[in-house]
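Numbering (mature numbering (1 follows the signal peptide of the UniProt record, and there is no 0)), first residue to last: -22 to -1, 1 to 64.
We treat Cβ as the ideally placed atom computed from N, Cα and C, and that holds for glycine.
Beneath this line is the structure, given in structure tokens, with notes to follow.
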Amino acid sequence: MRILISLLLGTASLLSPIAAYAGSHDVEATIAAVNVDAMSLMLDDGKTYTVPDEFNFEGLEKGQKVIVFYTEVDGKRVIDDLEVVQ
């Protein structure tokens, strides 16, 4: 019985990170426009990505290649994380 419980707990712990990222997506693209007033970025894929209130636009500019991790909320793409590609 202990072995069965251990196996179930082990399996659950391995699969829990997958459930957390199930709603998250990522895209690698180039910044087409930075709109600080609208709190958004437009990428060269033609999509606009909304950023959270505490987002820091410092160092981001048109033409930079980035990887954007986002979640779709009410039909909007909201950035969870952003990484500049060197």
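Within the model, the alpha-carbon separation for Lys25 versus Phe35 is close to 18 angstroms.
By the neighbour-count criterion, in which a residue is buried when 16 or more other Cβ atoms sit within 10 angstroms of its Cβ, Ile45 is exposed. For Asp15, the closest of Phe33, Thr8 and Glu61 by C-alpha to C-alpha distance is Phe33. The beta-carbon distance between Ser2 and Phe47, rounded to whole angstroms, is 6 angstroms. This is short enough to meet the 8 angstroms contact definition. At the C-beta level, Gln64 and Thr8 stay beyond 8 angstroms of one another.
Secondary structure note for Leu19: its beta strand (DSSP E) is the uninterrupted segment Ser18 to Leu21. Ranked by how close their Cα comes to the Cα of Thr28, the residues Val12, Glu39 and Lys40 have Val12 in first place. Exclusion of the five residues before and after Asp58 leaves Ser2, Phe47, Tyr48 and Thr49 as the residues of its chain whose Cβ lies within less than 7 angstroms of its Cβ.
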